[in-house]
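Below: one structure, written as structure tokens.
Numbering (UniProt numbering), first residue to last: 1 to 700.
Below you can see the structure in the form of structure tokens.
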């Protein structure tokens, strides 16, 4: 009698798992694993990869099915209790990975809190309980009365009426067009954000607010916390501790947080009830990630809103030319706030021709005689002044008049900046720092002197010129310790500072009520930059800086912005003097169109870094030769490789090659077919350290 055949056990289900592997590893897509039970897409799991144990995400889609099940490895565990990441979140990440030419797992895992990698099931449940408990402590019923609301201007009321219509529309219909909120500085854009957020919250939805830099987050967070005292608000930015970031992320992911405020990383926040996205200062280059996956948070915010069929507001007094052109084409809905609230007016802009002005005591071109008098007048009136100089440190370089030695960096093709406070020469690219030499290292001359000036030197000169004034400086050096920025800003708001000196940190978003004079020192450098976006950035920066003056309606009539320039006849300054962004944008777009530059063309940069120039150049030349043979290269321009603007950093030589296409699709098709060969070329060029593709680069 034959033995009865034993029934075969069903094979465990296969799942696709996205893991954090660089694209050049050859494992760019999700990998197949075995799971003891079916897991929904978006679930977090622990999986083996080689000899390592890694956090992974169960990814939507069917497993490949090509591999013998006997060769597949089982997952190690899953993070039970944590709701899976939504399909829309996975779509956003997959789009970002494909568009910016990175692996899905690399993008997905890089935007999650790092502490998730360290948690097992019990620890995760404990963290979730803590997040929920904190949420219960910080949240009310959501019906706490808001403080007295300011009266809306007619322009604000009109804008909000149109935004309310977008927010009230059913989510099942087609996505509403992105809204470009074009409002001059002080026109009440923040109040529009607050009212739109209130509308979304009343519908039971979450609100995501993006700001370009960390130093703007506390100020805006305070405004939202005051208005929505009964709501749970969390922030997401790199200034948080790992534990804080995890707690805030969990609060958003579990739907407990009503509002999330953050920098560019927050565009990937998991928010199951998301109903509105706001991108404040949408023109700011800080929204572009500069390493890893070089994504634009602004552009991804627009894509996410399209994906989830919800409104997105892009706000700025100086919109990016890309957004402005999309509004011209009708792809974005442009809403305008043309005047300041409360009857305020924009400061009068005065251009001072440095060629016609005598130097103050023959020492400095920064503190001219007219500027000194204007500052003294403000001091007599008990008003505040702001001096904007976009260069930190004491002086850009030390110089020997005998042998012409300059304080160059031995590791970079750049100068080391003189910092007088700690008597150091510091490279702002690689960080190399040395004490200031007592004599010229080349000839021994003891009379070495600073050339040019930074904010540190300007602060010293102001203190010498106005010994009775309270002078403060805000830049990356004076605010590097925790709490220093907040303390200095509070001193300005409290009227404890007479003259504020700073870099672009002080030009964005701050509501300084007592400032009646803004002076821009030496802004001309950007006029002659090789980067075609430099004029756009300079105009935005000066408009933002000028916007700090005259925000109190009682002082607006006598508020001024002074620009000390060697080129007052330049069209950029002529438009600035009239606060005419529209004319400036029109002229710049005409130039861009005639030159075939964005937004009328689409760019990518292939960058290479090597131990030698030859190594980086060889890789780019080989890459170009291969690309020229591809059918997808038809109609795409591939320029010769050139050194980057700072060609050497930390003894690494840097080269780049520009790729230009007439359409986004043509560029993406070329990159998709090109990428596998680039990975292979990396292995052939031994002196090559790393390479990267930057799609839609902001710096050329």
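Note that the Cβ used here is the ideal one computed from N, Cα and C, for glycine as well.
Only a predicted model underlies this, so the values are computations on that prediction, with no experimental measurement involved.
I'd like the span of the alpha helix (DSSP H) that includes residue 486, first residue to last. By 1-based counting over the chain shown, the position of residue 486 is 486. 484-493 is the span of the alpha helix (DSSP H), which, as asked, contains residue 486.
Does DSSP put residue 93 in a helix, in a strand, or in coil? Start at 1 with the first residue of the chain shown, and residue 93 comes out as number 93. Residue 93 falls in the helix class under three-state DSSP.
Compute the Euclidean distance between the alpha carbons of residue 649 and residue 430, then round it to the nearest angstrom. Position 649 of the chain shown, counted from the first residue, corresponds to residue 649. Position 430 of the chain shown, counted from the first residue, corresponds to residue 430. C-alpha separation (whole angstroms): 6 angstroms.
By Cβ distance, which residues of its chain are closer than 8 angstroms to residue 640, with the 5 residues on each side in sequence left out? Sequence index remark: in the chain shown, residue 640 carries index 640 (1-based). Within the same chain, residue 640 has close Cβ partners 624, 657.
Would you call the stretch 28-44 in contact with the stretch 59-66, where contact means no fewer than 3 C-beta pairs closer than 8 angstroms? The stretch 28-44 vs the stretch 59-66: in contact.
Boundaries of the beta strand (DSSP E) in which residue 414 is found, first to last residue: Within the chain shown, residue 414 is the residue found at index 414, counting from 1. Where residue 414 is concerned, there is no enclosing beta strand (DSSP E), because DSSP gives it neither an H nor an E.
What three-state label does DSSP hand residue 399 in the structure shown? By one-based count along the chain shown, residue 399 stands at place 399. Of the three classes helix, strand and coil, the one that applies to residue 399 here is strand, per DSSP.
When you compare each of 490, 526, 523 to residue 512 by their alpha carbons, which one comes out closest? Residue 512 sits at position 512 when you count from the first residue of the chain shown. Cα-wise, what sits closest to residue 512 is 490.
Leaving out five residues on either side along the sequence, give the residues of the same chain with a beta carbon under 8 angstroms from the beta carbon of residue 530. Taking the chain shown and counting its residues from 1, the one referred to as residue 530 is at position 530. Answer for residue 530: 645, 700, listed in chain order.
Sufficient close CB pairs (3 or more, under 8 angstroms) joining the stretch 447-463 to the stretch 497-504: Yes, the stretch 447-463 is in contact with the stretch 497-504.
Is residue 203 helix, strand or coil by DSSP? As a position in the chain shown, residue 203 is number 203, starting the count at 1. In the three-state reduction of the DSSP assignment, residue 203 falls in the coil class, being assigned neither a helical nor a strand state.
Straight-line Cα distance separating residue 373 from residue 353: Residue mapping note: residue 353 aligns to position 353 of the chain shown, counting from 1. Residue mapping note: residue 373 aligns to position 373 of the chain shown, counting from 1. Distance between the alpha carbons of residue 353 and residue 373: 16 angstroms.
Rounded to whole angstroms, what is the Cα-Cα separation between residue 187 and residue 87? As a working mapping, residue 187 is identified with position 187 in the chain shown. As a working mapping, residue 87 is identified with position 87 in the chain shown. Distance between the alpha carbons of residue 187 and residue 87: 38 angstroms.
Would residue 19 and residue 81 be called neighbours here (beta carbons separated by less than 8 angstroms)? The residue you call residue 19 lines up with position 19 of the chain shown. The residue you call residue 81 lines up with position 81 of the chain shown. In this structure, residue 19 keeps its C-beta atom at 8 angstroms or more from the C-beta atom of residue 81.
Ordered along the chain, which non-local residues of its own chain (more than five positions away) have a Cβ less than 6 angstroms from that of residue 108? Sequence index remark: in the chain shown, residue 108 carries index 108 (1-based). Excluding sequence neighbours, residue 108 sits near 18, 57, 93.
Expressed to the nearest angstrom, what Euclidean distance is found between the alpha-carbon atoms of residue 364 and residue 214? In the chain shown, counting from the first residue as 1, residue 364 sits at position 364. In the chain shown, counting from the first residue as 1, residue 214 sits at position 214. Reliability fails at residue 364, whose pLDDT of 47 lies under 50, so the model's placement of it is uncertain and the value that follows must be treated cautiously. Taking the straight line joining both Cα atoms gives about 34 angstroms.
Which one of 248, 351, 289, 386 has the shortest CA to CA distance from residue 550? Here the question's residue 550 lines up with position 550 in the chain shown. Taking only the C-alpha atoms, the option nearest residue 550 is 386.
Any chance the CB of residue 68 is under 7 angstroms from a heavy atom of the ligand PLP? The model depicted lacks the ligand PLP and carries no ligand whatsoever.
Cβ neighbours of residue 207 in the same chain (closer than 6 angstroms, five flanking residues each side left out): One-based indexing of the chain shown puts residue 207 at position 207. The beta carbon of residue 207 lies closer than 6 angstroms to those of 197, 200, 259, 276 in the same chain, with the five residues before and after it left out.
Beta-carbon within less than 7 angstroms of residue 622's beta-carbon, same chain only, minus the 5 sequence neighbours each way: which residues are those? Within the chain shown, the letter at position 622 stands for residue 622. Excluding its 5 nearest sequence neighbours in each direction, residue 622 has C-beta neighbours in its own chain below 7 angstroms: 681, listed in chain order.
Mark residue 634 as exposed unless 16 or more other C-beta atoms lie within 10 angstroms of its C-beta, in which case mark it buried. Here residue 634 refers to the residue found at position 634 of the chain shown. Counting Cβ neighbours within 10 Å, residue 634 comes out exposed, since fewer than 16 surround it.
Three-state secondary structure assigned by DSSP to residue 59: Residue mapping note: residue 59 aligns to position 59 of the chain shown, counting from 1. Note: residue 59 maps to coil in three-state DSSP.
Please determine, among 148, 468, 72, 613, the residue with the shortest C-alpha to C-alpha distance to residue 48. Counting from one through the chain shown, the residue named residue 48 turns up at place 48. Here the closest residue by C-alpha is 72.
Where does residue 532 sit, in a helix, a strand or coil, going by DSSP? Sequence index remark: in the chain shown, residue 532 carries index 532 (1-based). Coil.
Name, in chain order, the residues that DSSP records as bridge partners for residue 466. On the chain shown, residue 466 is found 466 positions in, with the first residue counted as 1. According to DSSP, residue 466 bridges with nothing at all.
Quick one: using the 10 Å Cβ neighbour count with 16 as the cut-off for buried, is residue 403 buried or exposed? Position 403 of the chain shown holds residue 403. Exposed is the call here.
Pick out whichever of 391, 192, 569, 238 has its Cα sitting closest to the Cα of residue 473. Looking up residue 473 in the chain shown gives position 473. The candidate whose alpha carbon is nearest that of residue 473 is 391.
What are the partner residues of residue 388, as DSSP defines its beta bridges? Against the chain shown, residue 388 aligns to sequence position 388. Answer by DSSP bridge pairing, in chain order: 502, 520.
Here's a check: name, in chain order, each residue in its chain whose Cβ is nearer than 7 angstroms to the Cβ of residue 540, leaving out the five neighbours to either side. Along the chain shown, read from residue 1 onward, the residue named residue 540 stands at position 540. Only 283, 318 meet the Cβ criterion.
Judging by CA-CA distance, which residue of 35, 223, 398 is the nearest neighbour of residue 436? As a position in the chain shown, residue 436 is number 436, starting the count at 1. Here the closest residue by C-alpha is 398.
Taking the CB atoms as reference points, tell me whether residue 203 and residue 695 lie closer together than 8 angstroms. As a first step, residue 203 must be located in the chain shown, where it is residue number 203. As a first step, residue 695 must be located in the chain shown, where it is residue number 695. Not a contact, by the Cβ cut-off of 8 angstroms.
Same chain, Cβ closer than 6 angstroms to residue 249, five either side skipped, listed in chain order: If you number the chain shown from 1, residue 249 lands on position 249. Excluding sequence neighbours, residue 249 sits near 113.
According to DSSP, residue 333 sits in a beta bridge with which residue or residues? Translated into positions along the chain shown, residue 333 becomes position 333. Beta-bridge pairing links residue 333 to 179.
Measuring alpha carbon to alpha carbon, tell me which residue in 229, 263, 293 is nearest residue 280. What you label residue 280 is simply residue 280 of the chain shown in a count that begins at 1. When each option's Cα is compared against that of residue 280, the closest is 263.
In the structure shown, what three-state DSSP assignment does residue 54 receive? Start at 1 with the first residue of the chain shown, and residue 54 comes out as number 54. In this structure, residue 54 counts as strand in the three-state DSSP scheme.
Taking the alpha carbon of residue 50 as the point to measure from, which residue in 42, 75, 39 has its own alpha carbon closest? Position 50 of the chain shown, counted from the first residue, corresponds to residue 50. Nearest of 42, 75, 39 to residue 50, Cα basis: 75.
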